[in-house]
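Residue numbers for the sequence shown follow full-length UniProt numbering, beginning at 1 and rising by one. A virtual CB, placed ideally from N, CA and C, is assigned to each residue, including glycine. One structure below.
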Amino acid sequence: MSKDHLPYSLGLATQPASQAQASGSRSVYLSSKRLFDILFTLAIAPLVLIVVGMLALLVRLDGQAAFFCQPRIGKDGRIFKLWKLRTMVPKADQRLQGYLAENTAARIEWELTQKLKDDPRITRVGRYLRKYSLDELPQLWNVFRGDMSLVGPRPMLPEQRSQYPGTSYFHMRPGLTGLWQISVRNGCSFAERAIHDTRYFGMMSFATDLWILSRTPMVVIRGTGL
Numbered sequence: 001m002s003k004d005h006l007p008y009s010l011g012l013a014t015q016p017a018s019q020a021q022a023s024g025s026r027s028v029y030l031s032s033k034r035l036f037d038i039l040f041t042l043a044i045a046p047l048v049l050i051v052v053g054m055l056a057l058l059v060r061l062d063g064q065a066a067f068f069c070q071p072r073i074g075k076d077g078r079i080f081k082l083w084k085l086r087t088m089v090p091k092a093d094q095r096l097q098g099y100l101a102e103n104t105a106a107r108i109e110w111e112l113t114q115k116l117k118d119d120p121r122i123t124r125v126g127r128y129l130r131k132y133s134l135d136e137l138p139q140l141w142n143v144f145r146g147d148m149s150l151v152g153p154r155p156m157l158p159e160q161r162s163q164y165p166g167t168s169y170f171h172m173r174p175g176l177t178g179l180w181q182i183s184v185r186n187g188c189s190f191a192e193r194a195i196h197d198t199r200y201f202g203m204m205s206f207a208t209d210l211w212i213l214s215r216t217p218m219v220v221i222r223g224t225g226l
């Protein structure tokens, strides 16, 4: 995402994090951010529970257990359990390894982005859930618990840690959405993800978070997930 697309013109904070901490504004912001996460999650919980319940039924009808959890790296390197609606077939890892062994182009794509545009592990229902990020709705529970925030870097798997350059990620709670998610979604490398995470860490503010949240619905509606 170019600088022209960032909300600098809105007067958002772009000063280094150390200056924000020195002035005391960083601690106030983080407290406000956490409070907003809790209140927002509680406000939309009734609707989300209904939607997740309906989607879970679709997943079950497709022959899969509705939910699954994975270990992810949180703030300060802490490992937490991230919840999602199931979108993959049984023995997904074995299917992936076999596919990568037979497909050189797919292996290169996986090594670069840790994702595949044509992922053989994804179920029929799962493909649509991922396309519109509906499989991530259960992560609102992680937000409520404090494992994640509404806005932050994309949650990282422990085995991906060695591929991720930089340290900004480890100073923030992972988010449901963020600069990376609204900019290029799944079309970038880990190095590019680190650039977006570092940029967000340097400009963190409540106004920045609201700007990112306001742009997220259109990104989801376009269906650029997977």
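In whole angstroms, give me the CA-to-CA distance for residue i and residue j.
{"i": "residue 234", "j": "Arg127", "result": "Residue 234 is absent from the structure shown; the chain starts at 1 and stops at 226."}
{"i": "Leu210", "j": "Ser149", "result": "13 Å"}
{"i": "Gly202", "j": "Leu61", "result": "45 Å"}
{"i": "Ser214", "j": "Leu47", "result": "19 Å"}
{"i": "Asn142", "j": "Val89", "result": "24 Å"}
{"i": "Asp93", "j": "Ile122", "result": "11 Å"}
{"i": "Ser9", "j": "Trp180", "result": "At Ser9, the pLDDT of 40 sits below 50, so the modelled position is not reliable and the matter cannot be decided from this model."}
{"i": "Arg145", "j": "Arg107", "result": "36 Å"}
{"i": "Gly175", "j": "Tyr200", "result": "12 Å"}
{"i": "Ser27", "j": "Lys91", "result": "44 Å"}
{"i": "Asp135", "j": "Arg193", "result": "21 Å"}
{"i": "Met156", "j": "Gln139", "result": "14 Å"}
{"i": "Thr177", "j": "Leu42", "result": "18 Å"}
{"i": "Thr216", "j": "Thr198", "result": "19 Å"}
{"i": "Gly98", "j": "Leu116", "result": "14 Å"}
{"i": "Val52", "j": "Ala105", "result": "35 Å"}
{"i": "Cys69", "j": "Phe80", "result": "10 Å"}
{"i": "Thr87", "j": "Ile212", "result": "26 Å"}
{"i": "Ser32", "j": "Thr208", "result": "13 Å"}
{"i": "Ala101", "j": "His196", "result": "31 Å"}
{"i": "Gln21", "j": "Pro158", "result": "Any reading at Gln21 needs caution, since the residue's pLDDT is 47, under 50, leaving its predicted position unreliable; the model's value is listed next. If you take the alpha carbons of Gln21 and Pro158, they lie about 29 Å apart."}
Determine the closest residue to residue i out of the options, with distance taken between C-alpha atoms.
{"i": "Lys131", "options": "Asp119, Ile73, Tyr164, Arg34", "result": "Asp119"}
{"i": "Leu137", "options": "Tyr29, Tyr169, Gln94, Ala56", "result": "Ala56"}
{"i": "Arg165", "options": "Leu85, Phe190, Gln114", "result": "Here residue 165 turns out to be Pro, not Arg, going by the sequence shown. Here the closest residue by C-alpha is Phe190."}
{"i": "Tyr29", "options": "Met204, Thr216, Ala106", "result": "Met204"}
{"i": "Ser162", "options": "Glu111, Gly24, Gln70, Pro217", "result": "Glu111"}
{"i": "Met54", "options": "Leu85, Pro71, Glu102", "result": "Leu85"}
{"i": "Gln64", "options": "Leu140, Arg124, Asn103", "result": "Arg124"}
{"i": "Trp35", "options": "Val51, Leu134, Phe206", "result": "The question names Trp, but residue 35 in the sequence shown is Leu. Comparing Cα positions, the closest option is Phe206."}
{"i": "Val219", "options": "Val184, Ser27, Trp83, Thr208", "result": "Val184"}
{"i": "Leu129", "options": "Phe67, Lys33, Ala105, Thr208", "result": "Phe67"}
{"i": "Trp83", "options": "Asp147, Gly24, Ile212", "result": "Asp147"}
{"i": "Gln160", "options": "Pro71, Ser31, Val52", "result": "Pro71"}
{"i": "Gln114", "options": "Ser133, Lys81, Arg154, Phe80", "result": "Arg154"}
{"i": "Ile221", "options": "His196, Leu58, Val151, Ser133", "result": "Ser133"}
{"i": "Asp37", "options": "Pro158, Ile182, Leu100, Val151", "result": "Val151"}
When DSSP labels each residue in this structure, what does residue i get in the three-state scheme?
{"i": "Thr177", "result": "strand"}
{"i": "Ile212", "result": "helix"}
{"i": "Ser149", "result": "strand"}
{"i": "Ala22", "result": "Unreliable placement is indicated for Ala22, whose pLDDT of 47 sits below 50; the coordinate value is still reported in the next sentence. DSSP places Ala22 in helix when its eight states are reduced to three."}
{"i": "Lys33", "result": "helix"}
{"i": "Met204", "result": "coil"}
{"i": "Met54", "result": "helix"}
{"i": "Met156", "result": "strand"}
{"i": "Met172", "result": "coil"}
For the beta strand (DSSP E) containing residue i, list its first residue and its last residue.
{"i": "Arg72", "result": "67-73"}
{"i": "Leu85", "result": "79-85"}
Specify, as a first and last residue, the run of the alpha helix (DSSP H) that residue i falls within.
{"i": "Lys131", "result": "124-131"}
{"i": "Gly98", "result": "92-102"}
> Are three or more beta carbon pairs between the stretch 75-82 and the stretch 169-177 nearer than 8 Å?
Replying inline: Result yes; three or more Cβ-Cβ pairs closer than 8 Å.
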